[in-house]
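Q: Okay, so the sequence shown: first residue is 1 according to this note's numbering, each after it adds one. Glycine included, each C-beta is placed from N, C-alpha and C at the ideal position. Since the model is a prediction, treat every value here as computed from it, not as a measurement. Have a look at the structure that comes next, please.
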Amino acid sequence: MKYNTILLDFDDTIVDFYDAEDKAFHNMAKHYNHYPTAKDFQFFKQVNQAHWEAFQKNELTKEEVLSHRFIEYFNHYNIEVDGKEADVIFRDELAKAPLKYFDTTLETLDRLSQMCELYIVTNGVTDTQNRRIAQLEDKEMFDDVFISEETGYQKPMTEFFDFIFKKIGNDKRENSIIVGDSLTSDILGGKNANIATCWFNIRGKDNNTGIQPDYEITTLTELVDLIEKG
């Protein structure tokens, strides 16, 4: 078997983050008597993504991302908010939101766990991600969890992956593959770490980044085939 260690992104790979983010965002907005439309939510997602991409490039600190994204969003509607307060509310709502899985995810992960070591590797805030991951069914399928805030680094930084392999064994690097939905985080990170990369493109996005994954799949079931074929 070519790959016996799988690093799995969490949001929009294991679980549908869009659904949780949507619920958390709308519940947070109510605190400010703001009732966003679908178009407003899409605007927030653009603002949020831009901030996290700046974080990945070390242009913003995590603290700046967490608060400034809400300040920028609400400023667009002439609403003054405390960015830190809005972030606390949002992340609490996010942590409480029920997990929604993509079709056949749990069954597929169970099959994969019998073939490989599985690790969750996620960028995010430790408290929020731990509360969300705690909701996972069959958590014993995973050998360990690595959250960027705990490691002190984030995807796509090489140091994030060095931290992981130092803990699980650097000998596993050669037969490892990272699977995730983000080209600029998961796939670029995997390339930086010199491991195989698999883009989980469940939403059928175009790749205009210039970052080329080794594999591209639209369902986790395809990952089973990839692993079995080696």
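#1: Is the stretch 23-31 in contact with the stretch 76-91, if contact means three or more CB pairs nearer than 8 Å?
#2: Can you tell me the Cα-Cα spacing of Pro36 and Asp19, whole angstroms?
#3: According to DSSP, what are the bridge partners of Gly180?
#4: Tell me whether Asp40 sits in a helix, a strand or coil according to DSSP, three-state version.
#5: Which residues bound the beta strand (DSSP E) around Val81?
#6: Helix, strand or coil, according to DSSP, for Glu231 in the structure here?
#7: Taking Ile178 and Gly190 to be in contact with their CB atoms under 8 Å, please state how far apart those CB atoms are, rounded to whole angstroms.
#8: Is the stretch 112-119 touching the stretch 68-75 in the sense that three or more CB pairs, one from each, lie closer than 8 Å?
#9: What residues in its chain sit with their C-beta under 6 Å from that of Phe10, if we drop five residues either side in the sequence?
A: Taking the definition as stated:
#1: yes
#2: Their Cα atoms are separated by approximately 15 Å.
#3: Trp199
#4: helix
#5: Per DSSP, Val81 belongs to no beta strand (DSSP E) and is neither H nor E.
#6: Only positions 1 to 230 of the chain appear in the structure, and residue 231 is not among them; the question remains open.
#7: With 8 Å as the limit, Ile178 and Gly190 qualify as a contact, their Cβ atoms being about 4 Å apart.
#8: no
#9: Ile120, Thr122
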